[in-house]
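So the structure is just underneath, and the comments pick up after that.
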Amino acid sequence: METKGFRLTFNCSESSENCEISLLIGSDFYWSLTHRIKRLDSSLVAVETSLGWSLQGKCDEQSDCTSVHLIHSEEESISAELRRFWEIESLGIRDNDSVSLGNGDEEILSEFDKSVCFVDGRYRVSLPWKPGMREVLQNNKTVARKRFEGLVRRFKCDHELFCEYKDVIDNYVREGIVERTSCDSLSDSQGFYLPHHAVIRSDKTTSRLRIVFDGSAHEDGHSSLNQSLYTGPNLHPNMLELLLRFRKNPVAFTADVKSAFLQIELDLRDREFTRFFWTDNLNNNPYVLNFTRVLFGLRPSPYLLAATLKHHFKKYKEQYPHTFDLLNSSIYVDDFICGRNDVPDALRTTLECLQIFSDASMLLRKWRTNSKQLDLLWQQEGVETEFSETSATDLKPPIKVLGLAWDSEKDLIYFDPKDLLKFMSRKTESKRFILSVVGRIFDPIGILGPFVIKLKCLLQDLWTLGVDWDSELPPKLRHKWQQWSSEAEGLTEIKIPRFYLGDVDQELSSVDIHCFSDASKSAYGTILYLRFVTCNNKIETSFICSKSRVAPLKSLTLPRLELTAALLSARLAKQVSSCLKFNANIYYWTDSLISYYWICGDSSAFKPYIKNRVQEIQLLSDPSQWGHCPGKDNPADLISRGTSAVKLAQNELWWHGPPWLKLAPDHWPNRQRDILDSELCSEELEYRSSVHVAVTQQRESLVDINRFSSLKKLLKVTAWVFRFVNNARIVNKSMNFYITADEIQNAEYFWLKYVQYEFYSAEILTLKRNEQLRCSSEIKSLVPYLGEDNLLRITGRLLEADLCFGEKHPVILPRHCKFTELLVIREHERIGHCGVSATLTQLRKNYWIPKGRQLVKTIIRICLICKKYNAKPADQLSGQLPRDRITQSPPFQIVGIDFTGAILVKDNQETHKSYVSLFTCAVTRAVHLELVSDMSTKCFLLALRRFLARRGNCKVIYSDNARTFKAAEKELAYFANILKDSEFQNFVADKGIHWKFIVERAPWWGGFYERLVKTIKDPLRKILGKALLMFEELSTILSEVEVIVNHRPLTYVENDPGEPEPLTPAHFLELGYGDSKYPIHFIELIDATTARESYKKRKTYRTLLLKQLWRRWKEQYLLQLKTVNHFKTPSVHKNLKLNDIVLVEGNVKSKLLWELGIIKEIFIGRDNNVRSCLVKTSKGLFKKPIQLLYPLELE
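The opening position of the sequence shown corresponds to residue 1 in full-length UniProt numbering, with each subsequent residue numbered one higher.
Set out below in structure tokens:
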């Protein structure tokens, strides 16, 4: 600007950030200072002011700087934390806790064995690619570059972080872990770039900064590297078993593999997929490095490490057999957790392990032990311990062993609550926060069971009440949470000995495992103790582990919960005994006589729920191993009821079991107790009787289901019947005036059983006899079985799917059954009257109906609400054109009248509304336009008089029904008043004009003039644009538009210039004015005309010409109307009848607001088809076209 001679009001050389405002000028004075204005480009304008030139507008220049915001959270998501919490809680007590390899896993392992190789002292492995993914993996260079630019900006703000980061990368380069990618490789379109970031862990003594590489980054719409790779099978040992074995031996020691992943080389072909950006100088452009080793951050990395180690260990199976077995069961990722009976054995194991790992170019470091003697031997052998530089007298801080803290000095293990208490100091009270707290509790062996169970129950209450994620807790739950959080500080007092035997150093004469189980209405669980007797008959007990679970939401009796707890005890005992490999006797204790009786009884005598659990308990244990103990001596009672952390730390019953465990078996509770019939839960017995009857039996219900049209009403009535029956039997009668949810559920269960026995009694009896169903059975293909609730269910093929029980095994119901129909109606209404597929999907969540889709279609077809919303308007074949439309007559003998909307005209400085009156000839399709100043009767009559004066008197005039204008615009509604005016009626009568009205709200009945309203609006809108004309100017424009419209062709426009021009309305209008311009085939008549023949010949010429026009009108225009069909031919031709129920279309779109009506009279057209009807609604009688009536076909 300044180079062009413009003196600007500001200095462009100054940075905009440093500019200060010197003067503010108000908009009321600004324009008094401005002069010339010059446009510089499409978006920038220079304005000259008294202070100089100013620039205004939009600057097209765009900054080359791109902002990239990287947000990284070091905390795991709540769902991941909860998943890990529940997985740990389920260790040892799952239905099937053994991990087996699938076919896919075996193939992955087989490929690994084929590809792994040992090169230059290191193992080299290939990434486990999914088929075809290596070739199609999309390059993500752009995403990685943007992420790195964000990291560079962070480095510029934190130079210390950059230095630490750089040291790690430089070390990677020195050790050959990464290498610079060659320029030739960078030109390839294939390859993958890994974004990276720093994770700072202040609790680590080494490797405080860890660089994490993101293998899940990808371009939009493309797969990431992690998505292209198999995760691989889980080859790690069970965490619970590893911790249990860690407590078994007196000498315990741990170590970890230094940079374990980075000690394994990557196959050369896979290295291009591990590229990343880096720079040594923050002011220089980045360059590309790639890994040569397996890196942490890829999905299969843990699998590759575990598979490589196991492959390596096989070499030493013969050389170090004991160490080989130990390594296979004691390595968890890169942690080595082990124990030995004495120090020499521990030292031997240590040295052998160091040698084995050294042969694979790996280093076991940070050794830690509870034995000071072993620690000294390590130092003599040069073993790298965790605290090599500390003196023997220095206290060594605790370390983490699989998440649990281990104080090796005192040989104690415990849950370190420091991080948990720090997190809870936020004092937040919401469902989301409580879930986060749960995810931070790591207690795989159940040390904190009675305290944690209180939090589990609180979680269940949160879900039961439907509390939102971030809403305030209800007062009752808030009090529970505040009490629990205040008691959490007591967790610091809970510590247990790592070694089961503690200070006992004598040989053992016997070892027992005692398992206690208990349950309450809110929770159930089990706890295991080790009871050992030394050679001098000293008896000690030690806590092994415990497990707890929250009682299910489905209400179960207390004996059933006690039995479930006993099953939990049997499962955990099997896991513990197989892990510890003690030659131990196992004893089970319960304080429930009923569950004890069930366990010792015949499982086949009980109902399915009891039967299935007793069978599994008897499979895992012998009934003779079970005994009954008093409730006060049952330590599992603490699990079922919960307690505070402080009380738990001081509870001897919890840590050592009941006092009689330290006594001889003679002092134990009587294990073989006789049980009285009065103590049993007799309703759980399954009574069977064989009856042979040769009679015809008809099942009848107390409630006639055919009298009900609603399942809700049926279930309520059934529930009231059951209420009456129960009240007649028992003393404590239920006097509630409402039905509970349980009673409704019992009523539905009754009808399900009733219907199944009515239709599938033969199949039920066959299944009870464990026989095959007949081939003629309609449900044989469903492979039915009797569930625990004695209902027929589908076996299905979704047993392993993540679905609820009802979706896996839906209840089978017959199709031709009133109850099933009511059930379909209920589910159809529950999902808002959706279609067939949605209703069928909702049904199949709990029920299966053979040929259910047909039944659902039938139900939806008769649904009144669906009929109303799915109703189609009545339709009819196109009617015959009226005689007035197709009979030859002079122009404007048959006329249709309509008005356009208001048009603004100006009068001096004011604007007024004016209206266009449209007169259309039904025969010749000519139009006549009149402009009126308002919608008064006087103005309309004057317009009508002008029309009649110019075009001659007409016979018939068609117009919209007066009622039509009630729903039209306000201006058009005035026309209805004109039609009713007495002055207008007298004028029409004097002229002999017959006025006809079309049916209200049926504009297509007046289509011959309604269509021309649009025809004149198009040229009028284009001519006027935004102009505002005076009345006379607009009247002139209308006259010109009238001529234009009247010269539109009515017939086909031929391409041959020799053909006559197409027929137009003007041909009929201009016959009476001057010489005709229209060509005819009678050349002699034209010659006669040009020769100035007599008037008689000229009249003959005009008559012949008029006849020719009307002949062309018939042949070319009229005949083509027979092929025009403004309505589609209806698929079902059905006339409406008297008393039919219809839905009357209203002025709103929603059918919800439309009126219901009944047809009182029908009006038949000339083709004997119904064209309109007189309908009675709540608002009166109305004549409606059939297109506005929606028949409901109600019977």
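Even glycine gets a Cβ: it sits at the ideal position worked out from N, Cα and C. In this text, all values refer to a predicted model and were calculated from it rather than measured experimentally.
Contact defined as beta carbons within less than 8 Å: I believe residue i pairs with residue j. What is the distance between those atoms, to the nearest angstrom?
i, j, result
"Phe987", "Leu941", "6 Å"
"Leu843", "Gly852", "6 Å"
"Lys366", "Asp256", "6 Å"
"Leu653", "Pro635", "5 Å"
"Leu276", "Phe213", "The sequence given here places Phe at residue 276; Leu does not occur at that position. Yes, they are in contact, since the Cβ atoms of Phe276 and Phe213 sit about 7 Å apart, within 8 Å."
"Cys629", "Pro669", "5 Å"
"Leu948", "Lys991", "7 Å"
"Glu763", "Ile779", "6 Å"
"Tyr332", "Glu352", "Incorrect: roughly 19 Å between the Cβ atoms, too far for contact."
"Leu266", "Val288", "Not really, about 16 Å apart at Cβ, beyond 8 Å."
Among all the DSSP beta bridges, which residues are the ones paired with residue i?
i, result
"Glu930", "Ser917"
"Val125", "Leu266"
"Gln56", "Val45"
"Cys600", "Answer is none; Cys600 lacks a bridge partner."
"Leu1143", "Leu1156 and Tyr1190"
"Arg147", "In DSSP, Arg147 forms no bridge with anything."
"Cys535", "Bridge partners of Cys535: none, in fact."
"Ala519", "Tyr524"
"Ser542", "Leu530"
"Thr1177", "Gly1180"
"Thr385", "Trp367"
"Thr120", "Position check: residue 120 holds Asp in this sequence, whereas Thr was assumed. DSSP, once it has assigned bridges, lists no residue as partnering Asp120."
Which value, in whole angstroms, describes the spacing of the CA atoms of residue i and residue j?
i, j, result
"Ile1186", "Leu1138", "13 Å"
"Arg1160", "Leu1189", "The amino acid occupying residue 1160 in the given sequence is Lys; Arg does not appear at that position. Approximately 13 Å between the Cα atoms of the pair."
"Gln893", "Lys955", "5 Å"
"Thr795", "Pro784", "6 Å"
"Ala346", "Ile494", "29 Å"
"Phe750", "Thr858", "26 Å"
"residue 1239", "Lys768", "With the chain covering 1 to 1195 only, the question about residue 1239 has no answer from this structure."
"Thr534", "Trp660", "17 Å"
"Gln460", "Lys867", "43 Å"
"Arg641", "Gly525", "10 Å"
"Val740", "Lys454", "Per the sequence shown, residue 740 should be read as Thr rather than Val. Those two C-alpha atoms are separated by around 28 Å."
"Gly835", "Arg134", "44 Å"
"Leu327", "Phe499", "20 Å"
"Ser32", "Thr911", "34 Å"
"Ala198", "Leu151", "9 Å"
"Pro1049", "Leu1118", "13 Å"
"Pro397", "Leu412", "12 Å"
"Leu262", "Glu318", "28 Å"
So, residue i versus residue j, is the Cβ gap smaller than 8 Å?
i, j, result
"Ser329", "Pro450", "no"
"Ser569", "Ser517", "yes"
"His196", "Ile177", "no"
"Ser216", "Ser224", "yes"
"Ala523", "Ile445", "no"
"Ser546", "Ile527", "yes"
"Ile108", "Pro131", "no"
"Ser382", "His514", "Looking at the sequence itself, residue 382 is Gly, so the reference to Ser does not match. No, they are not a contact pair."
"Phe387", "Leu364", "no"
Please give me, in chain order, every unbroken run of the alpha helix (DSSP H) with length at least 4 that falls completely inside the region 1011-1050.
1031-1046
Jot down the residue ranges of each uninterrupted beta strand (DSSP E) in the region 353-379, minimum 3 residues, whole runs only, in chain order.
364-369
My parser needs the beta strand (DSSP E) runs of 3 or more residues fully inside the region 180-250; what are they?
196-200 and 209-213
Those runs of the beta strand (DSSP E) which lie wholly inside the region 593-640 and span at least 3 residues
626-628
Which whole runs of the beta strand (DSSP E) in the region 874-911 are 3 residues long or more, in chain order?
894-899 and 903-907
Could you name each continuous beta strand (DSSP E) segment of 3 residues or more that falls completely within the region 747-812, going from the start of the chain to the end?
784-786 and 792-794
Jot down the residue ranges of each uninterrupted alpha helix (DSSP H) in the region 257-334, minimum 4 residues, whole runs only, in chain order.
301-313 and 321-330
So within the region 414-492, which uninterrupted alpha helix (DSSP H) runs reach at least 4 residues, ignoring any that extend past its ends?
418-424, 431-439, 449-464 and 475-487
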